[in-house]
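For the sequence shown, position 66 matches number 399 in my numbering, and the numbering has no gaps at all.
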Amino acid sequence: MKTPNLNGLIRFLLLTKQSKLKSQSNFHKNEAGFSLIEVVVVVLMVAILSAIAAPGWLGFINRQRIYSLNDEVYRTIQNTQSEAKHKKLAHVVEFDGASDPPRFRVYPITVTDQTEQDKLWQSLSLSGSIKEKQVKLESNMEIQTSSDPDVKSDKKEDFENSNSGNWILVFNQYGEVVNKNGKTPVNDVPFTVTVSLPDETSKRCVMVETLLGGMRLGEGNYDSTNNPTGCK
């Protein structure tokens, strides 16, 4: 009967013990998490990627802000026209681009007192999402005048609020464009509200082009060749 090899048995036990210790060491190393160098590398990578992506993301947010504001202007004009027809009474819509953020007010043509009109201002801040110096709004009425007394033409003051000096758009009880005296303009008087970023990029607009109150949306600067539907 052979006697067990004691040296071999001791060697086996030592190897087994070392293997267990190595496994435990690796386990505790993994539990320890990332090293300081690894954390620094990850932070730097995130910072670099953020710096690259930030301008594009900011541009996207700004464009969406302009699109949303332009849609709000469109709905405001459309609702004013509907209100005039529904109540069978001429209504006025007025935009104030000098205010920051811009604002608007809608009122019956019979409200002429400045104090009463001033109570009706509403902010175009999209429920507070638009802050100061983020957007620019301009309204304009293209009045066609003539120095010839024999030629009928419209007067600029007939399309302005005499208290504020702002352009006004008036719809009569049929939803047609009239001046503040209730008279039909001699010519088509395109009314345009343009919204853009403060540097006048990402431009969008709403245009009331006909005396019947026909409206359309435009984008970018008007160009008779390259962008005939743009904003004037």
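Just so it is clear, CB atoms sit at the ideal spot from N, CA and C, and this is done for glycine as well.
Quiz item: Using DSSP with H/G/I as helix, E/B as strand and the rest coil, what is residue 546?
Solution: Working through the sequence shown from its first residue, we reach residue 546 at position 213. DSSP places residue 546 outside both helix and strand once states are collapsed to three, so it counts as coil.
Practice problem: Please list, in chain order, all residues of the same chain as residue 433 whose beta carbon is under 7 Å from its beta carbon, the five residues on each side excluded. | Solution: The residue labelled residue 433 in the question sits at position 100 within the sequence shown. Hits under 7 Å: 465 and 466.
Quiz item: Counting Cβ pairs closer than 8 Å, one from the region 446 to 453 and one from the region 506 to 526, do we hit at least three?
Solution: The region 446 to 453 is not in contact with the region 506 to 526.
Self-check item: CB contact flag (residue 472, residue 428, <8 Å)
Solution: On the sequence shown, position 139 is the one that residue 472 refers to. On the sequence shown, position 95 is the one that residue 428 refers to. Taking 8 Å as the Cβ cut-off, residue 472 and residue 428 qualify as a contacting pair.
Practice problem: Report buried or exposed for residue 512, applying the criterion of at least 16 other Cβ atoms within 10 angstroms of its Cβ. | Solution: As a working note, residue 512 is residue 179 in the sequence shown. Residue 512 should be labelled buried.
Self-check item: Proximal residues to residue 455 (C-beta, below 7 Å), its chain only, five neighbours per side dropped
Solution: Along the sequence shown, one-based indexing puts residue 455 at 122. Excluding sequence neighbours, residue 455 sits near 436, 437 and 438.
Quiz prompt | Alpha carbon of residue 561 to alpha carbon of residue 552, nearest angstrom | solution = Residue 561 sits at position 228 when you count from the first residue of the sequence shown. Residue 552 sits at position 219 when you count from the first residue of the sequence shown. C-alpha of residue 561 to C-alpha of residue 552: approximately 10 Å in a straight line.
Quiz item: What's the C-alpha gap between residue 487 and residue 520?
Solution: Position 154 of the sequence shown, counting from 1, holds the residue named residue 487. Position 187 of the sequence shown, counting from 1, holds the residue named residue 520. The straight-line gap separating the alpha-carbon atoms of residue 487 and residue 520 is approximately 7 Å.
Quiz prompt | residue 454 - DSSP class collapsed to helix/strand/coil | solution = By one-based count along the sequence shown, residue 454 stands at place 121. In the structure shown, residue 454 sits in coil (DSSP, three-state: anything other than H, G, I, E or B).
Quiz item: So, is residue 556 buried or exposed, given that buried needs 16 or more other C-beta atoms within 10 angstroms?
Solution: Position 223 of the sequence shown, counted from the start, is the residue given in the question as residue 556. So residue 556 counts as exposed.
Exercise. Would you tell me roughly how many angstroms separate the C-alpha atoms of residue 458 and residue 374, rounded to the nearest one?
Key: As a first step, residue 458 is located in the sequence shown; it is residue number 125 there, counting from the start. As a first step, residue 374 is located in the sequence shown; it is residue number 41 there, counting from the start. Cα to Cα, residue 458 sits roughly 41 Å from residue 374.
Quiz prompt | Which residues DSSP lists as bridging residue 437, in chain order | solution = Here residue 437 corresponds to residue number 104 of the sequence shown, with the count starting at 1. In the DSSP assignment, the residues bridged to residue 437 are 428 and 455.
Quiz item: How many angstroms separate the CA atom of residue 424 from the CA atom of residue 493?
Solution: Residue numbering aside, residue 424 sits at position 91 when the sequence shown is read from its first letter. Residue numbering aside, residue 493 sits at position 160 when the sequence shown is read from its first letter. Put simply, the backbone Cα of residue 424 is about 14 Å away from that of residue 493.
Quiz item: Expressed to the nearest angstrom, what Euclidean distance is found between the alpha-carbon atoms of residue 395 and residue 537?
Solution: Taking the sequence shown and counting its residues from 1, one reaches residue 395 at position 62. Taking the sequence shown and counting its residues from 1, one reaches residue 537 at position 204. One Cα belongs to residue 395, the other to residue 537, and the distance between them is close to 12 Å.
Exercise. Return yes when the Cβ of residue 530 is within less than 8 Å of the Cβ of residue 399, no when it is not.
Key: If you number the sequence shown from 1, residue 399 lands on position 66. If you number the sequence shown from 1, residue 530 lands on position 197. In contact: residue 399 and residue 530 (Cβ atoms closer than 8 Å).
Quiz item: Quick one: Cα of residue 476 to Cα of residue 489, how far?
Solution: Working through the sequence shown from its first residue, we reach residue 476 at position 143. Working through the sequence shown from its first residue, we reach residue 489 at position 156. Each residue's Cα considered, the two are about 6 Å apart.
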